[in-house]
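Chains as they are written, first to last, in my numbering: chain S, 748 to 1092; chain W, 34 to 248. In this text, a Cβ means the ideal position worked out from N, Cα and C, and glycines have one as well. This one's a predicted model, so the numbers in the text were calculated from it and none came from an experiment.
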Amino acid sequence: MEATKKEHELIVSVSPHVKSEETTSRIMWTVSLALLPAFLSGVYFFGLKALFITALCVVSAVVFEHFYLKLVNKKSVVGDGSGFLTGLLLGMNLPASLWSFSPFTVHVPIIATFVAVVITKQLFGGLGYNVFNPALIGRAFALISWPRAMTIWMTPTASFLTMDAKTTATPLGILKEAGMSELIKVFGDKVSLYEHLLTGNRAGSIGETSAIALLIGGLFLLYKKYITWHIPVSFLGTAALIAWVFGQKGALFAGDPLIHLFSGGMMLGALFMATDYVTSPSVRKAQLIFGAGCGALTMLIRLKGGFPEGVMFAILIMNCFAPLLDRGFRSKVFGAVKTVKEIKK
Amino acid sequence: MSSHSTVSLKDQILNGIIKENTIFKLALSLCPSIAVTNNLKNGVFMGGAVLFVQVMVNMTISLMRNVIHPKVRLPIFMLVISGWVTVTQMLMAAFAPDVYAKVGLYIALIVAFASILARAEMFASKNRLMPSMADGLGMGIGFLFALTTISFFRELVGKGSLWGYPIIDTKPVLLLILPAGGFFAVGILMAGFNWINARAAAKAAAKAKAALAAH
Chain S
748 MEATKKEHEL IVSVSPHVKS EETTSRIMWT VSLALLPAFL SGVYFFGLKA
798 LFITALCVVS AVVFEHFYLK LVNKKSVVGD GSGFLTGLLL GMNLPASLWS
848 FSPFTVHVPI IATFVAVVIT KQLFGGLGYN VFNPALIGRA FALISWPRAM
898 TIWMTPTASF LTMDAKTTAT PLGILKEAGM SELIKVFGDK VSLYEHLLTG
948 NRAGSIGETS AIALLIGGLF LLYKKYITWH IPVSFLGTAA LIAWVFGQKG
998 ALFAGDPLIH LFSGGMMLGA LFMATDYVTS PSVRKAQLIF GAGCGALTML
1048 IRLKGGFPEG VMFAILIMNC FAPLLDRGFR SKVFGAVKTV KEIKK
Chain W
34 MSSHSTVSLK DQILNGIIKE NTIFKLALSL CPSIAVTNNL KNGVFMGGAV
84 LFVQVMVNMT ISLMRNVIHP KVRLPIFMLV ISGWVTVTQM LMAAFAPDVY
134 AKVGLYIALI VAFASILARA EMFASKNRLM PSMADGLGMG IGFLFALTTI
184 SFFRELVGKG SLWGYPIIDT KPVLLLILPA GGFFAVGILM AGFNWINARA
234 AAKAAAKAKA ALAAH
């Protein structure tokens, strides 16, 4: 009796309307699969530490979600993979150097995961109701709380077992501190710099370094129609435009957009974080504006702000506007009667 | 004008601390509770200042309630409040200048606290001296309690110290002493406060039910 009644209950939720549990978990696991190349590249360059940090985030995300849902007497939905994906994204957004016991920083990914899964996602109502991207809030919380630990970047060594690695600055860090000529000098010449940025052989968060691996994952998602081109293209396009026009100090139209596109978290952010279904608009026009806002804010922070990197804050700020944008660009209901105002026109 | 309060003075005080706690229950005056509570000392002094102003304002208004013309009551309330805030400001500047240097701006802002004007309008202007004083005391203590809890939590977790003295040696969660952390702290503590209250209410309800059944 009870079961049949449950099946016929109508549940009205916020968009996007997912038809069944099966579809949700399918999306989650496919996105996780799309992240695999970038993750493997991170493990290749930063070794075991990268693997440990990501695994720590994934395991704690699943555990926190399970126990929170138990605590509030809800059905545990660990199998749908959204906790797994949040943990994976968060882990890929952290520096591998956090796996360190003196000074002890292993608690950082665990607390960041707690903030992401419990505070950002579950306290706001769980999957589909969170205002902000959980993984990014987790990272923002960690960056603000432990600014030292979160900005120690390992030199990519490409030797799997290296546990005590040298540290270095990220390309964007060098760009901010010393300028373009110094950045090119560090990597030899411009071609070599592009090469390092594309392959991922540079300092940075675990999953953000390899532009090629991220593009492969992104194109896979586009091909599978899990994301549309609107947000990534307007995000990257706006950022590239601003980098080209204002990127060079003292001269207009002399900046190098490619360096900005392939450094920092730009690719990971544009392809995987800004396209999150829950925290981005679902109307196409709104998505274009959302992406453009992300790109513009990112470049504003990179060129004028105090942080060398701005993708995270840019996406979080635009997350606030997602519902508003959706409302402003809502498509007309098919067959709806014209209002008096429209007829007068 | 004087509708006598029937509740006891003790209940009147407890009302402000628990049932109508300015911050945790009414969510009023959140600006100062986030701005000044990044260390315990500031929180306690701010809470103390509000307690003092609330009690004195309630008593003054209560004594004056029969001579204030209803049409001009709000300006009069504001005058009384700003008078007592000025007294507080001067006292603090004289006896705790280091704290005053940090929270002075927010002390002046007490004038605009919704909670103080609301108690003057809703309670003190309709009640006699003692209930009004008890109400001010309860409201003020509730505010002091909230600010102390928030600043205790924030300084301990954010800085690892209390009242300026270092307590824990490990790396603290720096975010909590930053403005954004204030929202986290208030949100978490508000949830905790309501959770405890809800549990207590459920327990009381169960007890009453059991007593009824036994009867």
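Using beta carbons (cut-off 8 angstroms, strictly below), is residue i in contact with chain S?
i, result
"leucine 208 of chain W", "yes"
"leucine 189 of chain W", "no"
Express the C-alpha separation of residue j and residue i in angstroms, rounding to a whole number.
i, j, result
"valine 118 of chain W", "valine 83 of chain W", "9 angstroms"
"alanine 1039 of chain S", "serine 981 of chain S", "5 angstroms"
"isoleucine 1006 of chain S", "leucine 207 of chain W", "32 angstroms"
"alanine 724 of chain S", "alanine 808 of chain S", "Residue 724 of chain S is absent from the structure shown; chain S starts at 748 and stops at 1092."
"leucine 782 of chain S", "threonine 770 of chain S", "18 angstroms"
"glycine 1053 of chain S", "leucine 1047 of chain S", "10 angstroms"
"methionine 96 of chain W", "isoleucine 200 of chain W", "As written in the sequence, residue 96 of chain W is leucine, which differs from the methionine given in the question. The alpha-carbon atoms of leucine 96 of chain W and isoleucine 200 of chain W are separated by roughly 46 angstroms."
"methionine 1020 of chain S", "leucine 883 of chain S", "8 angstroms"
"leucine 252 of chain W", "isoleucine 50 of chain W", "Look at the range of chain W in this structure, 34 to 248, and you will see that residue 252 of chain W is not part of it."
"threonine 1045 of chain S", "threonine 1022 of chain S", "15 angstroms"
"serine 1027 of chain S", "lysine 971 of chain S", "19 angstroms"
"histidine 943 of chain S", "phenylalanine 934 of chain S", "8 angstroms"
"threonine 801 of chain S", "asparagine 840 of chain S", "9 angstroms"
"alanine 990 of chain S", "alanine 145 of chain W", "46 angstroms"
"methionine 92 of chain W", "valine 113 of chain W", "10 angstroms"
"serine 964 of chain S", "glutamate 1056 of chain S", "In the sequence under discussion, the amino acid at residue 964 of chain S is glycine, which differs from the serine named in the question. Those two C-alpha atoms are separated by around 22 angstroms."
"phenylalanine 1076 of chain S", "alanine 1033 of chain S", "6 angstroms"
"glycine 994 of chain S", "glycine 1012 of chain S", "17 angstroms"
"lysine 58 of chain W", "lysine 52 of chain W", "7 angstroms"
"methionine 748 of chain S", "phenylalanine 814 of chain S", "Low per-residue confidence applies at methionine 748 of chain S: pLDDT is 40, beneath 50, and the placement is therefore not dependable, though the value from the model is reported in the following sentence. About 30 angstroms."
"arginine 1074 of chain S", "valine 778 of chain S", "27 angstroms"
"phenylalanine 1068 of chain S", "leucine 816 of chain S", "28 angstroms"
"leucine 818 of chain S", "phenylalanine 871 of chain S", "15 angstroms"
"glycine 191 of chain W", "proline 205 of chain W", "5 angstroms"
For a cutoff of 8 angstroms on Cβ pairs, would you count residue i as touching chain W?
i, result
"serine 1130 of chain S", "Because chain S spans 748 through 1092 in this model, residue 1130 of chain S falls outside it and cannot be assessed."
"phenylalanine 871 of chain S", "no"
"alanine 750 of chain S", "At alanine 750 of chain S the pLDDT is 46, less than 50, meaning the model places this residue with poor confidence; the figure from the coordinates comes in the next sentence. Judged by the 8 angstroms Cβ criterion, alanine 750 of chain S is not in contact with chain W."
The ligand FAD and residue i: does any heavy atom of the ligand fall closer than 7 angstroms to the residue's C-beta?
i, result
"proline 1028 of chain S", "Absence of the ligand FAD from the depicted structure is noted, as is the absence of any ligand whatsoever, leaving it without description."
Under 7 angstroms between beta-carbons, which chain S residues line up against residue i? List them in chain order, please.
i, result
"leucine 211 of chain W", "Ile891"
Determine the chain W residues that contact residue i at a beta-carbon separation under 8 angstroms, and present them in chain order.
i, result
"phenylalanine 888 of chain S", "Leu208"
On the criterion of 16 or more Cβ atoms from any shown chain inside 10 Å, does residue i qualify as buried, or is it exposed?
i, result
"aspartate 168 of chain W", "buried"
"phenylalanine 216 of chain W", "exposed"
"isoleucine 974 of chain S", "buried"
"tryptophan 228 of chain W", "exposed"
"valine 120 of chain W", "exposed"
"lysine 868 of chain S", "buried"
"tyrosine 876 of chain S", "exposed"
"cysteine 804 of chain S", "buried"
"alanine 244 of chain W", "exposed"
"proline 850 of chain S", "exposed"
"glycine 225 of chain W", "exposed"
"methionine 155 of chain W", "exposed"
"histidine 248 of chain W", "exposed"
"aspartate 202 of chain W", "exposed"
"methionine 1065 of chain S", "buried"
"alanine 916 of chain S", "buried"
"tyrosine 133 of chain W", "buried"
Which residues share a DSSP beta bridge with residue i?
i, result
"proline 199 of chain W", "W/Ser194"
"tryptophan 265 of chain W", "This structure does not reach residue 265 of chain W, given that chain W is present from 34 up to 248, and the question cannot be answered."
"phenylalanine 851 of chain S", "S/Phe848"
"isoleucine 914 of chain S", "In the sequence on display, residue 914 of chain S carries threonine and not isoleucine. Answer by DSSP bridge pairing, in chain order: S/Met901."
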